[in-house]
Amino acid sequence: MKLFRAALMASALTLPLAAGAAYAATPADALVIAQNIDDIVALDPAQAYEFSAGEINANLYDKLVQYDAEDTTVLAPGLASEWVADEEAKSLTFTIRDGATFASGNPVRPEDVKFSFKRVVTLNLTPAFILTQLGWTPENIDEMVTVDGNTVTVKWTGDFASAFVLNVLAARPGAIVDEVLVMEHEENGDWGNAWLNTNSAGSGPYVLTDYRPAELVRLTANESYWNGAPAMKQVLIRHVAEAATQQLLLTSGDIDIAKNLTPDQIGGLGDGVKVETYPQAAVHFLSFNQKTDELTPPAVWEAARYLVDYDGMTETFLKGQMEKHQAFWPKGFPGSYDETPFSLDVEKAKQILADAGVETPIDVTLDVINSAPFTDIAQSLQATFAEAGINFEILPGTGAQVITKYRDRTHEAMLLYWGPDFMDPHSNAKAFAYNSNNADDNYTATTTWRNAWAVPQEMNDAVNAALAEADQSKRNEMYTELQKQVQAESPIVIMFQAALQIAMAENVEGYVNGSNSDFVYYRLVTKN
Numbered sequence: 122m123k124l125f126r127a128a129l130m131a132s133a134l135t136l137p138l139a140a141g142a143a144y145a146a147t148p149a150d151a152l153v154i155a156q157n158i159d160d161i162v163a164l165d166p167a168q169a170y171e172f173s174a175g176e177i178n179a180n181l182y183d184k185l186v187q188y189d190a191e192d193t194t195v196l197a198p199g200l201a202s203e204w205v206a207d208e209e210a211k212s213l214t215f216t217i218r219d220g221a222t223f224a225s226g227n228p229v230r231p232e233d234v235k236f237s238f239k240r241v242v243t244l245n246l247t248p249a250f251i252l253t254q255l256g257w258t259p260e261n262i263d264e265m266v267t268v269d270g271n272t273v274t275v276k277w278t279g280d281f282a283s284a285f286v287l288n289v290l291a292a293r294p295g296a297i298v299d300e301v302l303v304m305e306h307e308e309n310g311d312w313g314n315a316w317l318n319t320n321s322a323g324s325g326p327y328v329l330t331d332y333r334p335a336e337l338v339r340l341t342a343n344e345s346y347w348n349g350a351p352a353m354k355q356v357l358i359r360h361v362a363e364a365a366t367q368q369l370l371l372t373s374g375d376i377d378i379a380k381n382l383t384p385d386q387i388g389g390l391g392d393g394v395k396v397e398t399y400p401q402a403a404v405h406f407l408s409f410n411q412k413t414d415e416l417t418p419p420a421v422w423e424a425a426r427y428l429v430d431y432d433g434m435t436e437t438f439l440k441g442q443m444e445k446h447q448a449f450w451p452k453g454f455p456g457s458y459d460e461t462p463f464s465l466d467v468e469k470a471k472q473i474l475a476d477a478g479v480e481t482p483i484d485v486t487l488d489v490i491n492s493a494p495f496t497d498i499a500q501s502l503q504a505t506f507a508e509a510g511i512n513f514e515i516l517p518g519t520g521a522q523v524i525t526k527y528r529d530r531t532h533e534a535m536l537l538y539w540g541p542d543f544m545d546p547h548s549n550a551k552a553f554a555y556n557s558n559n560a561d562d563n564y565t566a567t568t569t570w571r572n573a574w575a576v577p578q579e580m581n582d583a584v585n586a587a588l589a590e591a592d593q594s595k596r597n598e599m600y601t602e603l604q605k606q607v608q609a610e611s612p613i614v615i616m617f618q619a620a621l622q623i624a625m626a627e628n629v630e631g632y633v634n635g636s637n638s639d640f641v642y643y644r645l646v647t648k649n
């Protein structure tokens with residue numbers, strides 16, 4: 122505890138040494154959060170792809186259109202005050218909001234929008250595919266995004282409607298950065314990438330003023346924010362991986378919010394603390410790398426679906442944190458498939474393997490993030506799979522280590538989660554049901570490519586057809602059918618949908634946590 126307080130004081134956020142009732146110790150104009158943030162690989166919005174990075178960037182940057190803090194279910198004007206769609210020309214024309222400025226004081230210009238999109242496409246880092254799916258390339262971006270006075274026109278080449286494009290532009294790589302400030306920090310043609318991984322250049326309600334990997338993130342209020350200066354003048358996010366430590370810090374008043382408590386800890390919280398539950402879009406899955414020969418038989422995939430103790434986990438250590446869900450698009454969104462046909466049945470799994478002539482035992486490594494609840498899930502899987510002769514050797518690592526290994530396709534089995542890149546079912550359909558080029562040198566940010574699964578061509582075609590369908594009702598039916606196919610036969614076993622329980626001091630009001638990490642907002646927070 123004393124070490125934690127010392128770290129806070131060293132980061133220039135003064136806290137009294139005496140711990141009183143919960144929420145008494147933190148300053149009235151500062152929000153102090155404890156959470157596991159070791160998944161962060163990058164903070165530059167052209168590169169950031171992890172959950173924690175998405176949450177931070179949501180408070181640093183604006184997009185042309187965005188799901189904002191007031192209502193995270195509504196696509197609202199952001200830096201664009203209005204827009205006009207031309208479906209035949211496959212274009213959208215945005216008018217830039219009058220008077221909007223970056224935190225630096227520089228005005229938000231149409232040129233900044235073009236620069237931001239061109240920068241993402243040219244750097245071509247992990248999230249770039251979200252924008253390049255519009256047909257944008259480094260060679261044609263100057264024709265696809267054009268400036269005229271106070272407007273920006275974006276064009277696309279794919280067979281999809283403007284509503285899909287708006288959702289794409291509202292995603293993380295759609296963040297608008299300050300061209301003047303970024304280019305002041307360019308090094309060796311990196312478009313300011315190195316600098317933006319420890320600094321910010323946005324127009325959002327906060328500015329990044331301190332980032333120490335796997336230690337802390339500090340945000341300072343942007344007093345000139347066009348949508349109103351936030352009440353919390355500082356937000357300090359401390360990396361605290363241990364849930365028990367988070368609980369102790371919250372109940373002793375050293376922090377305002379604890380984000381990674383277990384159900385038992387949630388149930389044991391006393392006076393002065395409240396718990397809010399936020400349904401999440403993330404789905405959690407077990408996947409098998411098809412570069413590992415023992416994991417390529419479809420019978421292994423099928424048997425695996427009967428070796429997960431879905432009910433046992435959700436009724437015990439996952440209670441309140443996850444619900445059973447076995448399809449790639451989360452429940453509660455149009456196009457979801459909510460049937461759960463699989464349950465733990467070891468004898469059936471054994472028979473599936475025997476009928477297919479699969480020899481056991483199979484020894485396989487299982488990579489997992491070294492924190493709750495991932496390690497608990499891994500241990501449950503280890504126990505039930507062993508009953509059918511599939512033996513998991515659990516390999517724990519930090520979030521960054523595990524995710525990097527997954528992206529390199531060097532794992533055998535992987536326990537991870539996936540949240541939509543943008544709120545359209547195509548986002549997850551492309552991640553779980555599409556892989557048109559399985560080559561090692563064709564890096565693709567999808568679960569299919571990362572597991573080296575060469576998706577059948579008819580499934581690839583079905584994903585493309587659903588994307589192009591103009592009738593939304595029919596489109597949702599097509600995504601439902603795709604989920605049934607992936608559920609029936611793929612090396613990815615979807616198990617749960619997350620529900621996030623966050624414990625906070627009773628005086629904290631206005632905290633917004635939408636369905637995924639990109640919808641976490643601090644600007645409306647107050648302390649009563």
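Heads up: the sequence shown runs through residues 122 to 649, numbered per the working numbering.
Ideal Cβ positions, reconstructed from N, Cα and C, are used throughout, including at glycine.
Check this for me: beta carbons of residue 180 and residue 310, under 7 Å apart or not? no
Backbone CA spacing between residue 224 and residue 604 [nearest angstrom]: Roughly 43 Å separates the two Cα atoms.
What is the rounded straight-line gap between the Cα of residue 342 and the Cα of residue 158? 21 Å
Residue 314 versus residue 169: straight-line alpha-carbon distance, rounded: 11 Å
CB of residue 63 within 7 Å of CB of residue 469, strictly: There is simply no residue 63 to check, as the chain begins at 122 and stops at 649 in what is shown.
Segments assigned alpha helix (DSSP H), at least 4 residues, entirely inside the stretch 198-277: 231-244, 250-253 and 262-265
Report the CB separation of residue 191 from residue 282 in whole angstroms; it is logged as a contact under 8 Å. Not quite, the Cβ-Cβ distance comes to about 26 Å (not below 8 Å), so this is no contact.
How would you write the range of the alpha helix (DSSP H) that residue 549 sits in, first residue to last? 546-554
According to the Cβ coordinates, are residue 306 and residue 335 closer than 7 Å? no
Please say whether residue 381 and residue 301 have beta carbons closer to each other than 7 Å? With contacts defined as CB atoms closer than 7 Å, residue 301 and residue 381 fail to qualify as a contacting pair.
Considering only residues of the same chain and omitting the five flanking positions on each side of residue 239, which have a CB-CB separation below 6 Å? 262
Residue 504 - containing alpha helix (DSSP H), residue span: Its alpha helix (DSSP H) spans residues 495-507.
Looking only at its own chain, which residues have a Cβ that is under 6 Å from the Cβ of residue 330, when we skip the five neighbours before and after it? Residues 339 and 341 of the same chain have their beta carbon placed closer than 6 Å to that of residue 330, with the five preceding and five following residues left out of the count.
Less than 7 Å between the beta carbons of residue 557 and residue 585, yes or no? Not closer than 7 Å, so no.
At 3 residues or longer, and completely inside the stretch 316-349: list those beta strand (DSSP E) runs for me, N to C. 327-333 and 337-342
With 16 other CB atoms within 10 Å as the buried threshold, where does residue 195 fall? Per the 10 Å Cβ criterion, exposed.
Just checking, does the stretch 274-290 make contact with the stretch 531-551 on the three C-beta pairs under 8 Å criterion? yes
Whose C-beta lies closer than 8 Å to the C-beta of residue 514 among residues of the same chain, with five residues either side of it excluded? 484, 485, 486 and 487
What is the rounded straight-line gap between the Cα of residue 440 and the Cα of residue 500? 16 Å
With DSSP as the reference, identify every bridge partner of residue 395, one or two as the case may be. 625
Here's the rule: buried if 16 or more other CB atoms are within 10 angstroms of the residue's CB, otherwise exposed. What is residue 363? exposed
Cβ pair residue 625, residue 473 closer than 7 Å: no
Do residue 352 and residue 636 count as a contact pair if the criterion is CB distance below 7 Å? no
Am I right that residue 172 and residue 540 are in contact with their C-beta atoms under 8 Å? What's the rounded C-beta distance? 7 Å between Cβ atoms; contact.
DSSP three-state call for residue 172: helix, strand or coil? helix
When you compare the CB positions of residue 618 and residue 404, do they come within less than 7 Å of one another, or not? Yes, the pair counts as a contact, with Cβ atoms nearer than the cut-off.
Express the C-alpha separation of residue 388 and residue 628 in angstroms, rounding to a whole number. 19 Å
For residue 274, which of 229, 204 and 516 has the nearest alpha-carbon? 204
Considering only the alpha carbon of each residue, which of 253, 640, 631 and 638 lies closest to residue 649? 631
Identity of the residue in 480, 253, 536 and 421 nearest residue 290 by Cα: Of the listed residues, the one whose Cα sits closest to residue 290 is 253.
Own chain residues within Cβ distance below 8 Å of residue 606, not counting five before or after: 554, 580 and 583
Can you tell me whether DSSP reads residue 375 as helix, strand or coil? coil
Helix, strand or coil for residue 153, going by three-state DSSP, please let me know. strand
How many angstroms separate the CA atom of residue 178 from the CA atom of residue 421? 40 Å
Label residue 271 either buried or exposed according to how many other C-beta atoms from any shown protein chain fall within 10 Å of its C-beta, with 16 as the threshold for buried. Exposed: under 16 other Cβ atoms inside 10 Å.
According to DSSP, residue 617 sits in a beta bridge with which residue or residues? 405 and 445
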